[in-house]
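The structure under discussion appears below in the form of structure tokens.
There are 4 protein chains.
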Amino acid sequence: MSLAKVGIIGASGFTGKTLAGILLGHKSVELQVLNSESNEGKLVSEIYPEFTGSGLKFTNYSLDEIGKKNLNLVFLAMPDGNAKNIAIELIEKGIKVIDLSKDFRFSEKAVYGLPEFFSEEIKKAKLVANPGCYATACLLASKPLDETGGIKHFIFDCKSGVSGAGKKPSNVNNFNSLSENILAYKLTNHKHLPEIGQFLKGNVSFTPHVIPAIQGIMCTLHVIFEKKVDAKEVKKLYEKFYSEKEFVKILGSSLPELHGVQKSNYCHIGGFEVDESNQMVIVSTIDNLFKGAAGQAIQNMNLMLGFNENEGLLKWKKN
Amino acid sequence: MSLAKVGIIGASGFTGKTLAGILLGHKSVELQVLNSESNEGKLVSEIYPEFTGSGLKFTNYSLDEIGKKNLNLVFLAMPDGNAKNIAIELIEKGIKVIDLSKDFRFSEKAVYGLPEFFSEEIKKAKLVANPGCYATACLLASKPLDETGGIKHFIFDCKSGVSGAGKKPSNVNNFNSLSENILAYKLTNHKHLPEIGQFLKGNVSFTPHVIPAIQGIMCTLHVIFEKKVDAKEVKKLYEKFYSEKEFVKILGSSLPELHGVQKSNYCHIGGFEVDESNQMVIVSTIDNLFKGAAGQAIQNMNLMLGFNENEGLLKWKKN
Amino acid sequence: MSLAKVGIIGASGFTGKTLAGILLGHKSVELQVLNSESNEGKLVSEIYPEFTGSGLKFTNYSLDEIGKKNLNLVFLAMPDGNAKNIAIELIEKGIKVIDLSKDFRFSEKAVYGLPEFFSEEIKKAKLVANPGCYATACLLASKPLDETGGIKHFIFDCKSGVSGAGKKPSNVNNFNSLSENILAYKLTNHKHLPEIGQFLKGNVSFTPHVIPAIQGIMCTLHVIFEKKVDAKEVKKLYEKFYSEKEFVKILGSSLPELHGVQKSNYCHIGGFEVDESNQMVIVSTIDNLFKGAAGQAIQNMNLMLGFNENEGLLKWKKN
Amino acid sequence: MSLAKVGIIGASGFTGKTLAGILLGHKSVELQVLNSESNEGKLVSEIYPEFTGSGLKFTNYSLDEIGKKNLNLVFLAMPDGNAKNIAIELIEKGIKVIDLSKDFRFSEKAVYGLPEFFSEEIKKAKLVANPGCYATACLLASKPLDETGGIKHFIFDCKSGVSGAGKKPSNVNNFNSLSENILAYKLTNHKHLPEIGQFLKGNVSFTPHVIPAIQGIMCTLHVIFEKKVDAKEVKKLYEKFYSEKEFVKILGSSLPELHGVQKSNYCHIGGFEVDESNQMVIVSTIDNLFKGAAGQAIQNMNLMLGFNENEGLLKWKKN
């Protein structure tokens, strides 16, 4: 069977290189375009030494050139605001698009790419808006509660590795500023708050922090219920809700940690403890670059191109 | 003027060695007892290389021997449960006691040693229960709100460096487990919850996490108000409340971080942002071993022995 | 084609779990024995959360039981000293053995399992002594110099992540001791010194350090030549020496770092700079748990069982 | 007694702020000038949160204005190359100068400011060239060997925290690049090599590395002797050499680590082990910002202004 042809625009950022890494091991696609304006012609390994031996090079094709390559799908891994026109132009050329910026997350032109909730829509989509990393961790941790009702307040207190802030050297990702530290930021007005809020009923608050780690997000969800709630029932609800979802695991007695999900497309959910004030704590973890970005984008690609949803994303061979 | 004589029992833990370090620079006291059962006779520098050159050695005096040394005050820096009898015995010998375990934090025999709130009582006390590290960060961040009323829920989501879990090697403080990770634990039933709750009106929830850092606690307080609240007014209230308190700083536009308070007795408080659901976020940071343990204990000692409250704890000479 | 059957004894350590992780993705084998005395019946994910969803459980079969399972090969991942008798017994049962301890590294009963040098011997071996992690990094960095002659002294100054010291909590792997630190140890008498020395001509010195990182070794080799040496010629020599070796990459202008090799079986070599005192610096990096232990063991297994040497170890599909 | 007046030019870098921090606690001086071109008028705490409460602000006086302030001494903490003219101009105005760049380290106009070797010259100097951080660690570790003779080669393999690379965000100090990594650089041609070499007899090689830590340098010195050498005698030689030097400690059985010296002006030296090839390993550690820069500069200032050499630099009060 012939391979699907795909490309990445904005390939030199963390999301782009994570996409490239996964695609190099994906059996049903070949990577034809690896666009990075500023790195054209360079070996990827010059920037990311883990690519040594791959031979992979950055390209810088124009949209016209891309149009002639018969690509099936393009990933846009550019800064917020840059994808709008490019996405439309590619779609007009008959190429499916997965945009990893926030540009289409509130748009009716795109399907919101959280495959655990919207897989049917994604299968038919020409344009998918890949969710934000925080939004992914928060929504996976909270969405099943829609069925319970009686929720007064969702408070998402999130902790992220610093790769979420991008590759460009700054005061935030400076080792001198971050090691032996933790940084709270955008306490009440982060761009991911409305992205989460649009899918939940009830009050929603969201506060992010950067921790001294590279990759991974922990979402500590504090849910305030109107009245007494049965923790075991809630846990069962989650187990049922995600029973058919390969990439979401409801943990037994242990709590989710970053080590469980790093460099994988999995989301771990656990906790489900309630205190006397009817506050329940649910904890979820993902890798912000995988399930929170590139991994999820591949999962969306698999659905859009008719492959097995898990292809290229499993840690182990199927038994 | 003759120096006050003090001692530490349980001196080889992180709290004990931090106490010793501060006392070596304190002008009004001399350290006479540095008891560590398991390290008697050893140089402190064998365990803590930053003590090289101090000449300081661990002792192992009996309570009887300690009784004959005319000590003014003893710090108990032992595991929870061990201090109860020793404290009483020392007080009977006429020695004032500051206990850093949780043993007397709910007891009428002791004064709760949070000097920003209870300095008058501490001045007269024979036995002070030094607060827990989390409780200190949480109470300093929340107590002024007592004056506002209309609080429905305090949710304290705390992040601590791993020194809070003690010095003994374990799976929690193993570098292999903690680096590039974050661990949530005791989501709703931590021993510090009732310690915090006893001083606040309203629902109180508390969830701690361990981050890959040695020293420092960040408390992210999510307060849910019954109705619209004016963030600027709340901030003014805090500024007034702590205006005479040397060790609590209300930050201007920047947010508290661990780097601001590490190896010092200061607490930084900031944030005061409100979202549309009347949820306000207030952030506080302390060093768990200083303001959260040993530094606060020295502050209490200063009050109990009639010294300037700040002695031995200022970072710079007074201008 | 039927799969080869393999087992791991001592499976709960870092080396054992890394072996298990690779084997779960290896197409030509099935993992039948995963012995851990202390964890029999437990899910591997209870200890290593990244195994969540694998369903893998620790076993504790006796050697007799193992003998009846028709295994083709067993990995011994036990502490030094424990493998001697077990290896012999397994071989007598007709099972090939790869021992990852130091027990057979100086023994004529075993082939030294550095496939870049001894692949022909390994293919025929019943018992392979898998090299030490430091020895692997040092020998790959130095062995091609045998051809140049005129070497007065090899000084290997190595820096290792702390996983090399094992999983058991200790003062060395305590986050409180290691973060923001570096530890030199066994300055001149490490057990890996003779292991390296047996394969090199000239004086050999070796000094290891533990750095605040989990995985990876950097070997900084200082070679003192008797007379002027041409750096470019030396580099060419290395390129030729390793031209057919998939897992050893001679870097261009960049220097090896841990990020280039972590969680992979690759060794990166670079540097080749000479100063005025005829001292050349060559730098190599490996992942101590992969090329320094489990990955190399799989490479040896592939040779011993007649598979492609690279199977299960490539980061990407072959183009 | 009136206080000496001092200033810092280039105050917003790591060296400048460390100088400011020490000077705020120094009893014999007052800090009158804290020049930072780009931060004039800002509170120091806006950049360094640990200065919260100090009230300290950056200034931007011209050299003329500085000339009228009757300063006794100015520290130049500017990038290499910028100090040359400024230093001369200040000296002409009758102000003593300590330059922390490399500009005068090879110049006859200045005294090399390593007080353990040149205290008499420093006392009389108008211009002191403060040594490089690596040079300090290396020279303190090696200089006493001048007396032994028979040294063929000094190989300094150094490991530094990343603050040595300065405060400006870059690919080197990016947390994403440095965490779980170690970087070798300038393997044979670092600017500190001639700085070290000018004071030693014998071949000198020097290779630096950056480790994932903020502050501290470890120098692992490999000395190759011409013939058999007695380790105990060498150690005794060091103990005698430094017996009167407060800030250099020869350790007993333990090895130097960064934790022993961080945020202090001390240098720890230990090791003194020899192997069969007459290679001895000596390990030294300093804090690159203290003994390697600002602390040593204060030590030089104390000598130049006639204060006690240790003033403002001791960790504890004198007993």
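Chains as they are written, first to last, in the numbering used here: chain U, 1442 to 1760; chain V, 1442 to 1760; chain L, 1442 to 1760; chain C, 1442 to 1760.
For each residue, glycine too, the CB sits at the ideal point set by N, CA and C.
Note that the coordinates shown come from a computational prediction; the quantities given were computed from them, not determined experimentally.
Tell me which residue opens and which closes the beta strand (DSSP E) that K1446/V is part of.
1445-1450
Since L1641/C meets chain U, which of its residues come closer than 7 Å, beta carbon to beta carbon? The contacting residues do not exist; L1641/C stays about 32 Å from chain U at best.
inquiry  = Quick check: is the beta carbon of I1658/V nearer than 8 Å to any beta carbon in chain L?
reply    = no
Express the C-alpha separation of I1739/U and N1513/L in angstroms, rounding to a whole number. One C-alpha to the other measures close to 37 Å.
Open item on the list: Checking 8 Å against the spacing of the C-beta atoms, do I1655/V and G1602/V come in under that value?
Closed with: yes
- Task: Whole angstroms is fine: what's the gap from V1664/U's alpha carbon to L1678/U's?
- Result: Distance between the alpha carbons of V1664/U and L1678/U is about 15 Å.
Query - Cut-off 8 Å between Cβ atoms - residues of its own chain near G1522/C, not counting five sequence neighbours on either side - result: S1542, D1544
ask   = Quick one, which of A1734/C, A1518/C, L1581/C has its alpha-carbon nearest G1454/C's?
value = It is A1518/C whose Cα lies nearest to the Cα of G1454/C.
Margin query: Can you tell me which residues form a DSSP beta bridge with G1712/V?
Written below: Paired residues: I1723/V.
> Roughly how many angstroms separate the alpha carbons of Q1639/V and R1546/V, rounded to a whole number?
Replying inline: 10 Å
*asked:* Assuming contact is defined by CB atoms lying nearer than 8 Å, are C1660/V and A1582/V in contact in what I supplied?
replied: yes
For T1648/U, the first and last residue of its enclosing beta strand (DSSP E): 1644-1651
**Asked** Roughly how many angstroms lie between the CA atoms of A1566/V and A1576/V, to the nearest whole one?
**Response** 20 Å
What I want to know is whether the C-beta of V1515/L ends up closer than 7 Å to one or more non-hydrogen atoms of the ligand SAM. Among the components of this structure there are no ligands whatsoever, and the ligand SAM is therefore not found.
CB-CB under 8 Å to C1599/U, same chain, minus the five flanking residues each way: which ones, in chain order?
-> Y1575, A1578, C1579, F1647, T1648, P1649, H1650, I1658, M1659, C1660, T1661
| task | Taking only runs that begin and end inside the segment 1575-1637 of chain U, name each unbroken alpha helix (DSSP H) of 4 or more residues, in chain order. | result | Fully enclosed alpha helix (DSSP H) runs of 4 or longer: 1616-1619.
Starting from the Cα of L1699/L, find the closest Cα among H1709/L, I1691/L, L1692/L and give me that residue. Closest by alpha carbon: H1709/L.
Does the pairing of the segment 1616-1636 of chain V with the segment 1672-1691 of chain V give three or more beta-carbon distances under 8 Å?
no
What does the alpha-carbon distance come out to for the pair K1550/U and V1689/U? Going from the Cα of K1550/U to the Cα of V1689/U covers about 28 Å.
* Asked: Should Y1626/V be flagged as near chain U, meaning a C-beta pair shorter than 8 Å?
  -> yes
Contact check, I1450/U vs I1527/U under 8 Å by CB: the rounded distance?
With 8 Å as the limit, I1450/U and I1527/U qualify as a contact, their Cβ atoms being about 7 Å apart.
| Taking all protein chains shown into account, do 16 or more other C-beta atoms lie within 10 angstroms of the C-beta of S1503/U, making it buried, or fewer, making it exposed? | exposed
### Assigned exposure category for G1535/L - 16 Cβ within 10 Å defines buried
exposed
* To do: Kindly indicate the opening and closing residues of the alpha helix (DSSP H) around K1525/C.
  => 1524-1533
Going along chain L in order, which residues have a C-beta closer than 8 Å to the C-beta of K1600/C? K1600, I1623, H1650, I1652
| request: State the CB to CB distance for the pair F1499/C and E1481/C, rounded to an integer number of angstroms; the pair is presumed to be in contact (CB under 8 Å). | output: 6 Å
(message) I'd like to know if G1712/U contacts chain L, where contact means its C-beta is closer than 8 Å to some C-beta of that chain.
(response) no
What does the Cβ neighbour count give for N1760/L, buried or exposed, with the cut at 16 atoms within 10 Å? Unreliable positioning characterises N1760/L in this predicted model, as indicated by a pLDDT of 43, which lies under 50. The coordinate reading is nonetheless provided below. Under this definition N1760/L is an exposed residue.
### Task
Under 7 Å Cβ to Cβ from N1612/L, same chain only, skipping five residues before and after it: list those, please.
Counting only Cβ-Cβ distances below 7 Å, and skipping sequence neighbours, we find S1618.
Margin query: So that I know if they touch, is there some Cβ in chain L lying closer than 8 Å to that of K1686/V?
Written below: Taking a beta-carbon distance threshold of 8 Å, K1686/V does not count as an interface residue toward chain L.
Against chain C, with Cβ distances strictly below 8 Å, would N1760/U count as a contact?
Note that N1760/U scores 43 on pLDDT, short of 50, meaning its location in the model is unreliable; the coordinates nonetheless yield the value given after this. No, no contact with chain C.
Which residues in the same chain as S1695/C place their Cβ atom closer than 8 Å to its Cβ, once the five residues preceding and following it in sequence are excluded?
So the qualifying residues of the chain are G1711.
- Query: For T1589/C, which option in K1642/C, H1631/C, I1539/C has the closest C-alpha, if you only look at C-alpha atoms?
  - Reply: K1642/C
- Query: How long is the line joining the alpha carbons of K1758/C and K1468/V, rounded to whole angstroms?
  - Reply: Rounded to whole angstroms, K1758/C to K1468/V spans 8 Å at the Cα level.
Kindly indicate the opening and closing residues of the beta strand (DSSP E) around E1487/U.
-> Counting along the chain, E1487/U falls outside any beta strand (DSSP E), though it belongs to the alpha helix (DSSP H) covering 1485-1488.
Can you name, in chain order, every residue of its own chain whose Cβ lies under 6 Å from the Cβ of L1460/U, other than the five neighbours on each side? I1449, F1516, A1735
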